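So my numbering is basically just the index in the sequence shown, starting at one, shifted up by 3.
Each residue gets a CB set at the ideal place from its N, CA and C atoms; glycine is no exception.
Every value quoted in this text rests on a predicted model; they were computed, and no experiment measured them.
Written out below as structure tokens is the structure these notes cover.
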Amino acid sequence: MHSAEKILVLAPHTDDGEIGAGGLINKLISEGSEVYYVAFSICEESVPEGYPKDVLATEVMDATYELGIKPDNVFIYRKKVRLFTEQRQEILDEMIKLRSKISPDLVILPSKYDCHQDHKVVYEEGVRAFRYSTLLGYEMPWNNISFDSNLFVELEEAHVDAKVRSFAKYKSQMSRRYEPKDLKALAQTRGLQVNTRYAEVYNVIRWLWK
Numbered sequence: 004m005h006s007a008e009k010i011l012v013l014a015p016h017t018d019d020g021e022i023g024a025g026g027l028i029n030k031l032i033s034e035g036s037e038v039y040y041v042a043f044s045i046c047e048e049s050v051p052e053g054y055p056k057d058v059l060a061t062e063v064m065d066a067t068y069e070l071g072i073k074p075d076n077v078f079i080y081r082k083k084v085r086l087f088t089e090q091r092q093e094i095l096d097e098m099i100k101l102r103s104k105i106s107p108d109l110v111i112l113p114s115k116y117d118c119h120q121d122h123k124v125v126y127e128e129g130v131r132a133f134r135y136s137t138l139l140g141y142e143m144p145w146n147n148i149s150f151d152s153n154l155f156v157e158l159e160e161a162h163v164d165a166k167v168r169s170f171a172k173y174k175s176q177m178s179r180r181y182e183p184k185d186l187k188a189l190a191q192t193r194g195l196q197v198n199t200r201y202a203e204v205y206n207v208i209r210w211l212w213k
């Protein structure tokens, strides 16, 4: 883990990367790693009434900055939400361009257990595009009927607080049934499972030990 210098986070929609991996992102940046983030959709079709259709393009920049990601390292696409299956080849092509541009050591992406149709496409094409990198699948509790949590990442409170602050930047999403504070509660639960205060869990898809 500590040998990873370039990390790429694949988020099907804005906020997925922060929810699934915000603590680890902040932890890796604090340890000197370079983190890149890509959101494939800003969900213009499902933005709540009263907000500009492109509000998530602004919110994702604020949220990733809160985690410590450089603005130049954030890539935003405008794929249509819930229609990724129809855009599969375009998504793979974008991933291959990112692979050539970044050459990541570690790629963090949705897990194979995620039942959301867009997340499944990003997982499947992510494995295809980045099969020569270490691959970790992040947890999205409301999308996982089951989850193989075979990697626990111990977090400090500062990492979890950065994750909570990051998600709180999504003002347009605060009508959801989960809140920023719930992410801290989940980190406490996962930490309890491994006798530490806070943790995030991941599914190891492929581990490349150099």
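Margin query: Using the three-state DSSP reduction, which class does L86 fall into: helix, strand or coil?
Written below: Three-state result, L86: coil.
Item checked: Burial state of R193, where buried means 16 or more other Cβ atoms lie within 10 Å -> Counting Cβ neighbours within 10 Å, R193 comes out buried, since at least 16 surround it.
Margin query: I'd like the span of the alpha helix (DSSP H) that includes E52, first residue to last.
Written below: Element bounds for E52: n/a, residue is neither H nor E.
Check: Alpha carbon to alpha carbon, how far is N206 from D185?
Finding: C-alpha separation (whole angstroms): 21 angstroms.
Check: Would you call C46 buried or exposed, if buried means 16 or more other Cβ atoms sit within 10 Å of its Cβ?
Finding: With 16 or more other Cβ atoms within 10 Å, it is buried.
Check: Counting along the chain, where does the alpha helix (DSSP H) carrying H252 start and finish?
Finding: As shown, the chain starts at 4 and ends at 213. That puts residue 252 outside it, with no answer to give.
Note to self: Per the DSSP calculation, N147 is bridged to which residue(s)?
What the structure shows: BP columns for N147 point to D117.
Check: For the putative contact between L109 and I10, defined by C-beta atoms under 8 angstroms, what is the C-beta separation to the nearest angstrom?
Finding: 5 angstroms between Cβ atoms; contact.
Checklist line | Within 8 angstroms, strictly: CB atoms of A202 and E157 | finding: Between A202 and E157, the CB-CB gap stays under 8 angstroms.
Check: Cα separation between D75 and E8?
Finding: The straight-line gap from Cα to Cα measures roughly 17 angstroms.
Next item on the list: Can you tell me the Cβ-Cβ gap for K82 and Q90, rounded? I've got them flagged as a contact below 8 angstroms.
Entry: Taking 8 angstroms as the upper bound for CB-CB distance, K82 and Q90 are in contact here, some 5 angstroms apart.
Notebook entry, point to check: Where does A60 fall in DSSP's three states?
Noted result: Note: A60 maps to helix in three-state DSSP.
Check: Is the stretch 55-62 close to the stretch 92-107, with three or more CB pairs under 8 angstroms?
Finding: Short answer: they don't touch.
Next item on the list: Using beta-carbon positions only, say whether P113 and Y126 come within less than 8 angstroms of one another.
Entry: Here P113 is near Y126, since their CB atoms are less than 8 angstroms apart.
Item checked: For A161, the nearest candidate out of R180, R200, D65 and D18 (CA to CA) -> Ranking the options by Cα distance to A161, first place goes to R200.
Notebook entry, point to check: Are the CB atoms of L70 and G25 nearer to each other than 8 angstroms?
Noted result: Cβ distance < 8 angstroms, so L70 and G25 count as in contact.
Item checked: Same chain, Cβ closer than 8 angstroms to K134, neighbours up to 5 away in sequence not counted -> First, the residue type needs correcting, since residue 134 is Arg and not Lys in the sequence shown. Apart from the 5 residues on each side of it in sequence, R134 sits with its Cβ closer than 8 angstroms to the Cβ of R209 in its chain, given in chain order.
Checklist line | According to DSSP, residues forming a beta bridge with N206 | finding: Answer is G140, bridged to N206.
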